[in-house]
Amino acid sequence: MKQPVFNFSPGPAVLPHAVLEQAQAELLDWQGSGMSVMEMSHRGKEFMSIAAQAEADFRTLMAIPNNYKVLFLQGGAHSQFAMIPMNLARGKPQADYLDTGDWSLKATEEGQRYLDVKVIASSADSNYTTIPPFASWQRNPQAAYLHYTSNETIRGVEFDWIPEVEDVPLVVDMSSDILARPIDVSRFGLIYAGAQKNIGPAGLTLVIVREDLLGQVLDGTPSMFNYQIYAETESMYNTPPTYAWYLSGLVFQWLLKQGGLDAMAKINQRKAEKLYAAIDTSDFYNNPVDPDCRSWMNVPFTLANESLEKRFLDEAAQVSLVTLKGHRLVGGMRASIYNAMPEEGVDALITFMREFEAKNG
Ligand SMILES: *Cc1c(COP(=O)(O)O)cnc(C)c1O
């Protein structure tokens with residue numbers, strides 16, 4: 030069976046076809062166990078081996094140092110917006126937040142419920158098409174941590190650099206660009222990501238946290254929101270999202286087979302650059318983001334003639350290019366081209382865009 034459509038959904042998003050085929054082959058009987066992974070006890074030896082392999086492969090892919098814990102959680106990135114201040118305030122009254130768009134603002138609003146939150150710089154003035162230059166950030170060296178969003182999924186703004194912050198722990202929401210390129214984990218206090226963009230199915234949230242930051246939760250923090258408890262129980266304090274964990278593990282193996290994150294970065298860069306080039310060389314399409322911070326993962330674009338949008342989406346769907354509608358806050362289109370989007374999908378989109386322009390331009 031070939032890939033039925035090219036799915037440009039922002040999330041839940043496309044998964045590698047080979048991974049879905051493997052899951053299908055193993056659905057009823059995982060490796061001779063006679064059981065589906067969905068039916069296994071999370072404490073049984075079969076699932077424990079699946080869980081351990083997934084963590085080991087994730088650590089290999091991201092080159093995670095030994096003094097970091099990897100936690101397999103639920104609740105999405107939204108839960109992290111609260112868990113981070115609850116766990117990382119560590120008796121400090123204030124935390125720094127960078128405002129680069131809709132997701133960083135959401136994190137800021139939730140953080141405010143637990144801490145005195147300071148927005149240290151904002152790109153709101155540019156309608157979130159830029160990243161405020163590092164030199165303009167009004168940082169507090171006493172802050173509990175500095176939070177930023179490495180890829181703003183809605184408007185397509187991505188960091189290709191890591192802020193040089195040594196005095197306070199750096200905390201990053203990587204929900205939509207984790208595993209897209211190699212990063213130096215040792216520069217961070219905490220990295221978090223919901224799985225459903227660039228990892229696996231919805232229901233799993235990954236946290237990578239430096240061990241020395243654990244163990245100082247705010248009074249009254251629910252056990253389910255305490256990183257330390259997950260760290261001590263290998264994320265099995267309660268029943269984890271076993272099937273999402275397993276499927277993410279298959280994605281990690283697939284990524285290793287592709288050559289790891291160096292190889293993925295090359296492919297992702299090539300996919301993104303050709304799509305931006307198609308947009309930039311046409312007066313018919315437009316992307317407003319500063320070329321220095323355009324996302325490799327989410328590419329929003331508008332049509333010069335807004336009234337053609339519906340026709341664009343309908344005709345794209347007829348040639349199996351689906352879920353291209355932009356976020357309601359931005360309008361227009363958005364092509365999410367995560368790791369699992371084959372390069373042929375991007376090529377097919379570019380071909381369609383050229384043909385649509387020739388007919389309607
Ligand atoms: C999708 C997304 C979120 C929200 O994720 P949930 O898992 O739905 O809570 C947060 N941050 C970023 C950058 C996202 O892309």
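Here the working numbering is used: the first residue of the sequence shown is 30, the next is one more, and so on.
Cβ atoms here follow ideal geometry from the backbone N, Cα and C, with glycine treated the same way.
Proximity of residue i and residue j at Cβ, strictly below 8 Å
i: Ser165; j: Thr129; result: no
i: Asp319; j: Thr158; result: yes
i: Ala209; j: Ala111; result: no
i: Thr234; j: Gln103; result: yes
i: Arg363; j: Leu353; result: yes
i: Leu304; j: Val328; result: yes
i: Arg311; j: Glu386; result: The sequence given here has Ser at residue 311, not Arg. Yes; because the gap between Cβ atoms is below 8 Å, this pair is in contact.
i: Gln123; j: Leu144; result: yes
i: Phe381; j: Ala345; result: yes
i: Ala106; j: Val214; result: no
i: Cys322; j: Glu193; result: no
i: Pro230; j: Ala273; result: yes
i: Phe330; j: Ile308; result: yes
i: Ala224; j: Ser277; result: yes
i: Phe37; j: Ile366; result: yes
i: Asp202; j: Ala150; result: no
i: Tyr177; j: Val148; result: no
i: Arg184; j: Val375; result: no
i: Glu84; j: Trp59; result: no
i: Tyr266; j: Gln109; result: no
i: Gln298; j: Trp325; result: yes
i: Ile207; j: Ile191; result: no
i: Leu57; j: Ser65; result: yes
Start-to-end residues for the alpha helix (DSSP H) that takes in residue i
i: Phe330; result: Where Phe330 is concerned, there is no enclosing alpha helix (DSSP H), although the beta strand (DSSP E) it sits in stretches over 327–332.
i: Arg340; result: 338–347
i: Lys410; result: With the chain running from 30 to 390 in the structure shown, residue 410 is simply not present.
i: Lys388; result: 372–389
i: Asn13; result: Given that the chain is displayed from residue 30 to residue 390, the structure contains no residue 13 and the question cannot be resolved.
i: Gly120; result: Looking at the DSSP string, Gly120 is not in any alpha helix (DSSP H), and its letter there is neither H nor E.
i: Phe87; result: 74–91
i: Tyr305; result: 289–309
i: Phe263; result: Note on identity: in this sequence residue 263 is Glu, with Phe being the wrong assignment. Neither: Glu263 is in no alpha helix (DSSP H) and is coded neither H nor E.
i: Gln245; result: No alpha helix (DSSP H) holds Gln245; DSSP gives it neither H nor E.
i: Arg51; result: Here residue 51 turns out to be Gln, not Arg, going by the sequence shown. Start and end: 46–55.
Bounding residues of the beta strand (DSSP E) (the contiguous stretch that carries residue i)
i: Asp128; result: 123–128
i: Ser324; result: Per DSSP, Ser324 belongs to no beta strand (DSSP E) and is neither H nor E.
i: Val236; result: 234–239
i: Ala222; result: 219–223
i: His176; result: 175–178
i: Phe101; result: 97–102
i: Leu199; result: 199–202
i: Lys147; result: 145–151
i: Arg363; result: 362–365
Integer-rounded CB distance, given that residue j should sit under 8 Å from residue i
i: Gly361; j: Phe313; result: No, Gly361 and Phe313 are not in contact; Cβ-Cβ is about 12 Å, not under 8 Å.
i: Val197; j: Leu219; result: So it is not a contact: roughly 12 Å between Cβ atoms.
i: Asn315; j: Ala301; result: Not really, about 16 Å apart at Cβ, beyond 8 Å.
i: Lys226; j: Thr268; result: 24 Å between Cβ atoms; not a contact.
i: Tyr275; j: Ile113; result: The Cβ separation is near 27 Å, so there is no contact.
i: Phe35; j: Ala369; result: Wrong, their Cβ atoms sit about 11 Å apart, outside the cutoff.
i: Pro211; j: Leu290; result: 4 Å
i: Ser205; j: Gly355; result: At roughly 15 Å, the Cβ-Cβ gap does not stay under 8 Å, so Ser205 and Gly355 are not in contact.
The region 109–121 contacting the region 170–185, beta-carbon criterion three pairs below 8 Å: yes
Meets three-Cβ-pair contact criterion under 8 Å: the region 236–256 and the region 37–51: no
Segment contact, 8 Å Cβ cut-off, at least three pairs: the region 90–102 with the region 254–263: yes
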